[in-house]
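Residue numbers (the numbering used here), protein chains in the order written: chain A, 8 to 431; chain B, 323 to 413. The C-beta atom is built at its ideal place from N, Cα and C for all residues, glycine as well. Only one structure is covered here, and it is reproduced in the block below.
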Amino acid sequence: MSFVRGLKCRECGRVYPTSPIYVCEFCFGSLEVDYDYDQIKKTLTRDKIENGPRSLWRYRELLPIDGEPTVGLYSGFTPLVKASQLARVLGVKELYIKDDTVCHPTLSFKDRVVSVALTKAREFGFDTVACASTGNLANAVSAHGAKAGFKRFIFIPSDLELTKILGSLVYEPNLVAVKGNYDDVNRLCAEIAGKYRWAFVNVNIRPYYAEGSKSFGFEIAEQLGWRTPAHVIVPAASGSLLTKIWKAFKEFEKLELIEPVRSKMHVAQPEGCSPISTMIQNRSEVMKPVKPKTIAKSLAIGNPADGYYAKDVVCQSGGAAETAGDQEIIDAIKLLAATEGIFSETAGGVTLACAKKLIQKGLIGPHESIVISITGQGLKTQEAIQHHLAKPFLIQPNLSSFEEHVDFPEKKPFLSQEGAKSCR
Amino acid sequence: MPVKVRIPTPLQKLTADKPEVEISAATVSQLLENLEKNFPGIRSRICDESGKLRRFVNVYINEEDIRFLAGEASRLKEGDEVSIVPAIAGG
């Protein structure tokens, strides 16, 4: 049972039947899935969702597939963590971390989009899936594609973090490292996608793929007790996630599952690659592409496809744009780990660092509810922090060496064997 | 000066299904004019009412985005390869 009417151009509104296309033939605008909300409203209730599977597929009515889901049956539905310790440090009252560092199986929010993309690719009858990726998407397509039995072609910039390369290779896809940045990889993939009949998840499957990101927003609203927070801070690479979280909130509103949305959507980008934040901060109508230079490689897209739409959402919702430098990113990764026990990849460092600045600037009030979007696992970007952490205490395997080298408050003066005995 | 222009799939209906065409032009804006002469209707797809490239259309000369060069005034030389690519989602 499908509630999808077809595809609709985001620019000129022309409609197209459901098919593996992504761009309007008339104006080159991107295509978006169009749903029959009246029909969805007749069947979808809070109860139905709450009794659904503990994965992103609990929102199946609002995802663009025709049959039953076949990929990512364990993906999504990650914890919304009440972050009291971090809240105290930041001087705010109600703070949550939406924690996709533990998204199954490849530990980033890309497991969500790929679950939808590959379910759809199978419905379209493709036997080969492909993607252009800054790393996380590569991991997700490699893994989900392995389980679902697709042939896989994965294109990445050649300078990615080693862990992200290994995290794709282990699933044995055809991994192609391109000598260039992500924007080069993307351009190449657009041309390859035009030539071969593959399901390129972020090219010809993009309208369906991108809808998977809505589940991140649905979960925030459901897990907050069917309400949306006053503020959401979202990292941006292409800008798609931010627009889809907003779309998720608005869909819940339209279906009367929640009260009218008053959330402010804030965008976070690294200083070395901030075309969207810069456009918003300069109140410009034109996005200037950049050549990325940042440790947050998963956000290193210099020419973001959804940049204009992300800007529209930020401005409409009354949100703001912020940027964070490399050192601030590292400090934020450490702060999140030390206060909440969550190890985020560099993108999450950007998000928290930007949230901190927005709070300091008074753009986020101390008594308002805040959700920080943490989209990927820190074990994937260990290189970024390895020279910024303390060293372990190195000792001999005996008590005296331990007490000599490790300092802690309850340490007692060293006792001899005899003294130790007499204590008993 | 002929340059090679790669035509994206959604526009290949206008070029008789040819994925690549040769066009003579000294600049990108001249190229857009000459494309239109050879394949009527193509210009209005990639340019807006004021004649400027639409904001979702990326044009590359030998793999470099023209916005890092001189935009539509970017110069072309014989043998250059021009790609017209719609914006794509991230990863």
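Inset, instruction - Counting only runs of 3+ residues fully inside the segment 121 to 169 of chain A, write out the beta strand (DSSP E) ranges in chain order. - result: 135 to 139, 158 to 164
Inset, instruction - Measure the C-alpha to C-alpha separation of L306/A and S247/A and round it to an integer number of angstroms. - result: 12 Å
Inset, instruction - Look at S222/A and G83/A and say whether their C-beta atoms are less than 8 Å apart. - result: yes
Inset, instruction - State yes or no: is the C-beta of A275/A within less than 8 Å of the C-beta of T353/A? - result: no
Inset, instruction - Starting from N181/A, follow the beta strand (DSSP E) in both directions and report where the run begins and ends. - result: 181 to 185
Inset, instruction - Using beta-carbon positions only, say whether I337/A and D106/A come within less than 8 Å of one another. - result: no
Legend entry - For E417/A, the three-state DSSP class (helix, strand or coil): coil
Legend entry - Alpha-carbon spacing of G156/A relative to T135/A, whole angstroms: 9 Å
Legend entry - Proximal residues of chain A, C-beta to C-beta of T337/B below 7 Å: Those do not exist, as T337/B stays about 12 Å from chain A at its closest Cβ, beyond 7 Å.
Inset, instruction - Determine the extent of the alpha helix (DSSP H) in which T346/A is found, giving its start and end residues. - result: 333 to 347
Inset, instruction - Taking C-beta pairs closer than 7 Å, name the residues in chain A that P332/B reaches, listed in chain order. - result: V30, E32
Inset, instruction - State the CB to CB distance for the pair E32/A and P332/B, rounded to an integer number of angstroms; the pair is presumed to be in contact (CB under 8 Å). - result: 5 Å
Legend entry - Whether I364/B touches E358/B by CB criterion (8 Å): yes
Legend entry - Contiguous beta strand (DSSP E) assignments of at least 3 residues, all confined to the segment 28 to 100 of chain A: 38 to 42, 87 to 89
Inset, instruction - Output the distance between the C-alpha atoms of C430/A and K418/A, rounded to the nearest integer angstrom. - result: Since pLDDT at C430/A reaches only 46, below the 50 mark, its modelled position is unreliable, and the value read off the structure follows with that caveat. Each residue's alpha carbon lies about 16 Å from the other.
Inset, instruction - Taking C-beta pairs closer than 7 Å, name the residues in chain B that V210/A reaches, listed in chain order. - result: In chain order: I410.
Legend entry - Same chain only: Cβ atoms within 6 Å of W253/A, ignoring 5 sequence neighbours per side: Excluding sequence neighbours, W253/A sits near M272, V320.
Inset, instruction - Compare the beta carbon distance of P242/A and T141/A with 8 Å and say whether it is the shorter of the two. - result: no
Inset, instruction - Starting from the beta carbon of S405/B, find every residue of chain A whose beta carbon is closer than 9 Å, and list them in chain order. - result: R194, A197, E198
Legend entry - Same chain only: Cβ atoms within 6 Å of E400/B, ignoring 5 sequence neighbours per side: M323
Legend entry - Coil, strand or helix - A328/A by DSSP: strand
Inset, instruction - Name, please, each residue of chain B whose Cβ falls closer than 8 Å to the Cβ of A206/A. - result: Per Cβ cutoff of 8 Å: no residues; A206/A is ~14 Å from chain B at best.
Legend entry - For S115/A and K428/A, the rounded distance between their alpha carbons: Confidence at K428/A is low in this model, with a pLDDT of 48, below 50, so its placement is unreliable and no value can be given for it.
Legend entry - Beta-bridge pairing of V274/A - partner residues as DSSP gives them: V241/A, A328/A
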